[in-house]
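Residue numbers (full-length UniProt numbering): 1 to 157.
Each residue gets a CB set at the ideal place from its N, CA and C atoms; glycine is no exception.
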C-alpha cells in the first residue's frame, strides 16, 4: 500500500512541477497550462494567410509558453526566429492594449501589419481597431511598457 501511495505522490508531484514549469508569465497571454494562442500556429498567419490550429504533437516552448504548429516546417521556422512570428503584446488584444488593458486575443481575429501579428478580442473590436491601426498601435506600444508585467485583473480595478 505504501508503494502505491508513494508512486501516486510521485506522479502528482511530477505533474505539479511540469505544470508550474509551463506557466508563462503575465506578459504572455497563455492558458493555465502555458498554451499560447489557444493552440493556433503563429507561423501559419504568415505562410498560409489564415488562422490555423496547430497539432498537439508539434510544439515548441518559448518564454515558458507552449506554441503548437501545423507542420514541422512551421516549428523549425519559429525556433529559428521566434520574434518574427510571436504576436504583438504577448498575444493579448491589440485594441485592449491601446486602452491600457489586457484582454484575450482571439487568434481568429487578427491582422499582420508591418510584418507583425496582432490579435484582437472579437469581430467588432477588430473593426474598431482597423479604424485607426497606426494610432492604436502607437497607443498600445506606449501602454505596453507599463502594463506588460501586470496581471490582467490588476488593470481592471
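Asked, Found
"Cβ-based burial, residue 126 [other Cβ within 10 Å; buried from 16]", "buried"
"For residue 157 and residue 83, the rounded distance between their alpha carbons", "31 Å"
"Per-residue DSSP class, three states only, for residue 78", "helix"
"Between the CA atoms of residue 71 and residue 25 - distance to the nearest angstrom", "26 Å"
"CB of residue 60 within 8 Å of CB of residue 67, strictly", "yes"
"Residue range of the alpha helix (DSSP H) that includes residue 32", "Run containing residue 32: none; DSSP gives neither H nor E here."
"Own chain residues within Cβ distance below 6 Å of residue 65, not counting five before or after", "24, 28, 30, 34 and 36"
"Burial state of residue 42 (16 or more Cβ within 10 Å)", "buried"
"Three-state class that DSSP yields for residue 88 in the structure shown", "helix"
"Boundaries of the beta strand (DSSP E) in which residue 106 is found, first to last residue", "106-113"
"Beta-carbon proximity of residue 93 to residue 117, cut-off 8 Å", "no"
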